[in-house]
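Chains A and B, in that order, give the protein sequences. Sequential numbering from 8 applies to the first sequence in my numbering. Sequential numbering from 8 applies to the second sequence in my numbering. The structure under discussion appears below in the form of structure tokens.
2 protein chains.
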Amino acid sequence: MCESNAYIEENGNETLFLETVDIIRPEGMNIYLRDFWGQEKVFKGRIKEISLLKHRIVLVRQECEDV
Amino acid sequence: MCESNAYIEENGNETLFLETVDIIRPEGMNIYLRDFWGQEKVFKGRIKEISLLKHRIVLVRQECEDV
Chain A
8 MCESNAYIEE
18 NGNETLFLET
28 VDIIRPEGMN
38 IYLRDFWGQE
48 KVFKGRIKEI
58 SLLKHRIVLV
68 RQECEDV
Chain B
8 MCESNAYIEE
18 NGNETLFLET
28 VDIIRPEGMN
38 IYLRDFWGQE
48 KVFKGRIKEI
58 SLLKHRIVLV
68 RQECEDV
């Protein structure tokens, strides 16, 4: 099993967002995720870093870079 | 081994960019990649889709969405 868990990083803490992730697809300001069983979730933010060796996907909420 | 290969998709074709990828990190308009052995590569573009089950990272060159 090579799936990873997706976490949301916020204020130095991490919250589990979705386990055993298969698909990760950036879609505009969102990240579409689908797990091994077909469950779909959308996160309003961006990918901070993925480590496949650590089986970790770290997401962060969208920053307003234009402001 | 849970690493994936990264491919560049262009004009319907795929070119291998980096094998056995560990780290994937979007950095502005670039994607930083590091493989299992520590080799680092930067791709000017974005992530189209990652499938961990298929061990595939698909990258596409940056589109000029603002034009």
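No residue lacks a Cβ here, since even glycine has one placed at the ideal position from N, Cα and C.
Nearest-angstrom Cα distance between residue i and residue j?
| i | j | result |
| --- | --- | --- |
| A:Asn-18 | A:Arg-53 | 15 Å |
| B:Asp-29 | A:Phe-43 | 20 Å |
| A:Pro-33 | B:Gln-46 | 25 Å |
| A:Leu-59 | B:Thr-27 | 9 Å |
| A:Asn-37 | B:Arg-41 | 24 Å |
| A:Val-67 | A:Glu-10 | 19 Å |
| A:Ile-31 | A:Tyr-39 | 6 Å |
| A:Lys-51 | A:Tyr-14 | 13 Å |
| B:Gln-69 | A:Gln-69 | 19 Å |
| B:Gly-35 | B:Glu-16 | 20 Å |
Return the first residue and the last residue of the beta strand (DSSP E) that residue i is part of.
| i | result |
| --- | --- |
| A:Glu-56 | 47-58 |
| B:Glu-21 | 20-34 |
| A:Glu-17 | 11-17 |
Should residue i and residue j be called a contact, given that it needs their Cβ atoms to be closer than 8 Å?
| i | j | result |
| --- | --- | --- |
| A:Val-65 | A:Glu-56 | yes |
| A:Asn-20 | A:His-62 | no |
Using the rule of at least 16 other Cβ atoms within 10 Å of the residue's Cβ for burial, across every protein chain shown, is residue i buried or exposed?
| i | result |
| --- | --- |
| B:Leu-25 | buried |
| B:Glu-23 | As written in the sequence, residue 23 of chain B is Leu, which differs from the Glu given in the question. Looking at its Cβ environment, which holds fewer than 16 other Cβ atoms inside 10 Å, B:Leu-23 is exposed. |
Under 8 Å, Cβ to Cβ, is there at least one residue of chain E near residue i?
| i | result |
| --- | --- |
| A:Glu-10 | Considering every chain present, this structure includes no chain E. Its protein chains are A and B. |
Does the ligand ADP have even one heavy atom less than 7 Å from the beta-carbon of residue i?
| i | result |
| --- | --- |
| B:Phe-43 | In terms of ligand content, the structure shown is empty, and the ligand ADP therefore cannot be addressed. |
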